[in-house]
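Comments concern the structure below.
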Amino acid sequence: MKIRTKIQLFLSLIMILGIVLVNAAVYFLFYNVSLNAEMERVQSQANSLMEALAQNENIEAEPRQFLKAYIPPNGMIRVINDQEKVIQSISKRAEYYNLPFTFARTESNQIVVGEDETPYAVISIPLIWNDGEIITLQVTEHLTSLHETMSTLLIVLVLASLIMIVPIAIAGRLLGNFVVRPIQLLTHSMTDNPKDGEWKKINTNNRSNDELYQMENTYNQMIDRLNESVNRQEQFVSDASHELRTPIAVIKSYAQLLKRWGKEKPEVFEEAIQAISSESEKMQHMTEQMLSLAKNQQRENLLFETINVVSLTKDVIRSLSVAYSRKITLFTEIQQLDFSADKEKISQALYILIDNACKYSDDEIHVSIDRLDKELQLSVKDFGEGLSESDAEQIFDRFYRVDKARNRKTGGTGLGLSIALYIVHAHGGDIKVKSKQGEWSIFTIHLPY
């Protein structure tokens with residue numbers, strides 16, 4: 391069953407149930423009010439008859455004539471003695487004589503339903519007859535007007551309910567369309583996407599800020615993220631292909647050179663072997679960094695353990711100091727700083743920052759460790775050429791290089807800072823860069839403590 395049909399049926403059933411309950415309440419409330427009014431009217435007639443009997447001293451002479459003057463239009467009057475015998479009984483219709491009766495010593499009123507399912511109001515009043523005998527004066531009236539009124543009211547309520555079902559059904563369908571249309575549009579968009587190689591979003595103009603709008607807006611945000619991811623993927627493939635094209639071209643050129651002159655000219659052979667080996671190492675290094683970048687994006691690869699950040703930093707500094715024969719100074723007052731992290735990944739991120747500082751500066755490098763209330767900071771400062779504002783904003787993008795000629799010379803691929811950023815992000819932190827062009831640059835790792 392479709393959602394539109396479910397909404398229409400649910401709304402219709404709820405509204406019909408509500409109408410039935412309201413109409414039933416109206417019917418029974420009106421019935422009780424009308425019935426009480428009729429009972430009070432018959433009670434008033436019976437009281438008037440009782441007062442007249444008390445004031446008339448000649449009731450024994452013509453009791454039937456006297457009672458006939460007070461008989462209800464649609465009822466009867468009875469006088470019943472204590473032997474359950476009717477002394478007097480007068481009515482304008484013969485069927486009323488078949489109504490049940492009883493002797494009552496206390497005043498009472500009741501409703502009796504006849505064979506035709508119409509109600510009768512029965513008022514019983516005890517009094518002393520002229521001969522001193524205690525009798526029951528019973529006034530009975532057929533409530534035909536009440537029966538007709540209630541029948542008419544029932545017909546009106548039923549017809550009104552049937553008429554109200556039509557707009558309820560229409561409203562249910564309109565509501566179903568209102569709810570289902572955005573869902574259908576979303577389903578259609580999801581089925582068609584991507585269309586012509588592009589992910590399309592849903593038009594959310596002229597819509598109120600309701601849950602359906604939020605659903606569509608969330609879908610559009612997801613499409614934005616997909617577009618961004620696809621663009622990054624395409625850019626990554628394009629950049630990787632571009633970066634690999636140069637070493638492949640070099641290897642291919644030297645291979646052809648070897649094929650032509652390698653056997654005849656030893657110097658060509660040595661040059662070609664050295665060039666091929668160098669470019670192969672560059673390709674291997676780049677491939678390993680791309681694989682590392684892909685792995686670092688998977689947080690499940692992290693292996694958290696308690697590490698001494700100070701000791702870890704000293705190990706990285708010692709290794710790079712020897713490799714570059716450079717002075718790298720650690721500034722910190724902390725001797726022991728335990729921290730929960732992936733030791734290998736954090737070491738890799740710190741290695742990348744210090745390695746870049748060594749490659750792109752010739753002076754001393756400063757490394758500092760600071761612990762704040764809720765944050766651990768690892769800073770690497772070099773006194774090289776610095777970065778411009780535009781370079782600082784893009785320095786963490788894949789394959790971005792400030793000086794491509796210099797990066798080619800130093801063997802840079804433009805992936806190191808991207809890898810470091812992914813590692814830090816996986817730990818819930820971030821990397822910030824500050825720089826003064828021509829003087830210095832500071833890369834700071836911020837990790838939640």
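Read in the working numbering, the sequence shown has 552 at position 162, and its numbers run on one by one without any break. C-beta atoms are modelled at their ideal positions from N, C-alpha and C, and glycine is treated no differently.
Bridge partners - residue i, DSSP secondary structure assignment
i    : result
V476 : I470
R824 : According to the sequence shown, residue 824 is Lys rather than Arg. Per DSSP, I832.
T696 : S730
D760 : Q767
A511 : I501, E531
T526 : I470, P516
I755 : I718
S709 : For S709, which the question treats as bridged, DSSP gives no partner whatsoever.
S424 : Paired residue(s): none; S424 is not in a bridge.
S481 : M466
Test: residue i CB closer than 8 Å to a CB of chain D
i    : result
F456 : Considering every chain present, this structure includes no chain D. It has just one protein chain.
Environment of residue i [buried if 16+ CB atoms lie within 10 Å]
i    : result
T581 : exposed
H817 : buried
M612 : exposed
L710 : buried
A427 : exposed
V529 : buried
L564 : exposed
G566 : buried
S481 : buried
V712 : exposed
E669 : buried
S819 : With the sequence shown as reference, residue 819 is identified as Gly, and Ser is not the correct amino acid for it. Under this definition G819 is a buried residue.
G562 : buried
S750 : The residue asked about is misnamed: residue 750 is Tyr in this sequence, not Ser. Burial call: buried.
Y603 : exposed
K642 : exposed
R483 : exposed
Three-state secondary structure assigned by DSSP to residue i
i    : result
Q784 : helix
T722 : coil
L768 : strand
G566 : helix
R689 : With a pLDDT of 49 at R689, under the threshold of 50, the modelled position of that residue is not reliable, and the figure given next carries that caveat. The answer is helix: DSSP assigns R689 an H, G or I state.
G806 : helix
S778 : coil
L837 : strand
G465 : strand
T492 : coil
I592 : coil
Separation of residue j from residue i, as counted between CA atoms
i    : j    : result
E779 : K822 : 13 Å
L457 : S434 : 15 Å
R796 : V570 : Low local confidence applies: a pLDDT of 45 at R796 is under 50, so the model's placement there is unreliable, and no value is given.
M673 : E657 : 24 Å
M680 : S758 : 29 Å
I397 : L544 : 30 Å
I785 : S730 : 28 Å
N499 : W519 : 20 Å
I755 : I744 : 8 Å
F400 : L407 : 11 Å
I513 : T395 : 56 Å
Y790 : I707 : 25 Å
K717 : D772 : 11 Å
F659 : F694 : 50 Å
N621 : K824 : 28 Å
L533 : V546 : 20 Å
Q574 : I404 : 25 Å
Q478 : V556 : 58 Å
For residue j and residue i, believed in contact at Cβ under 8 Å, the rounded distance
i    : j    : result
L837 : V814 : 7 Å
F491 : R468 : 6 Å
T703 : L740 : 6 Å
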